[in-house]
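S.K.: In this note's numbering, the protein residues as written are 1 to 72.
Listed below in structure tokens is the structure:
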């Protein structure tokens, strides 16, 4: 299931491991998984930094998951 494209970058942007964990895993308590997937995992989570804050685009995370599922 593919979501509608965001209208602005701000709509697509997740700032911080808590926000990324909430989006991907449904709970901010999984923020350590975000750091692990971003740095240590075989299939790296597509994240970037704005200053010292880890960030990700919702659309990029969805595409990353779909590629792993073989949908794309």
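From the three backbone atoms N, C-alpha and C, an ideal C-beta is built for every residue, glycine too.
Whose C-alpha, out of 37, 52, 58, 66, is nearest the C-alpha of residue 8?
M.R.: In the chain shown, the residue the question calls residue 8 occupies position 8. That would be 58, whose Cα lies nearest to the Cα of residue 8.
S.K.: Closest to residue 66 by CA distance: which of 18, 16, 24, 50 is it?
M.R.: Residue 66 sits at position 66 when you count from the first residue of the chain shown. Among 18, 16, 24, 50, the Cα nearest to that of residue 66 is on 24.
S.K.: Indicate whether residue 14 and residue 41 have their beta-carbon atoms separated by less than 8 Å.
M.R.: The sequence position of residue 14 within the chain shown is 14, counting from 1. The sequence position of residue 41 within the chain shown is 41, counting from 1. Contact: no.
S.K.: By Cβ distance, which residues of its chain are closer than 7 Å to residue 68, with the 5 residues on each side in sequence left out?
M.R.: Sequence index remark: in the chain shown, residue 68 carries index 68 (1-based). Answer for residue 68: 43, listed in chain order.
S.K.: Is it buried or exposed for residue 34, if we count other Cβ within 10 angstroms and need 16 for buried?
M.R.: For this step, residue 34 is matched to residue 34 along the chain shown. It is buried - the Cβ of residue 34 has at least 16 other Cβ atoms within 10 Å.
S.K.: Helix or strand or just coil, what does DSSP make of residue 67?
M.R.: Reading the chain shown from its first residue, position 67 is the one you call residue 67. Reduced to three states, the DSSP call for residue 67 is helix.
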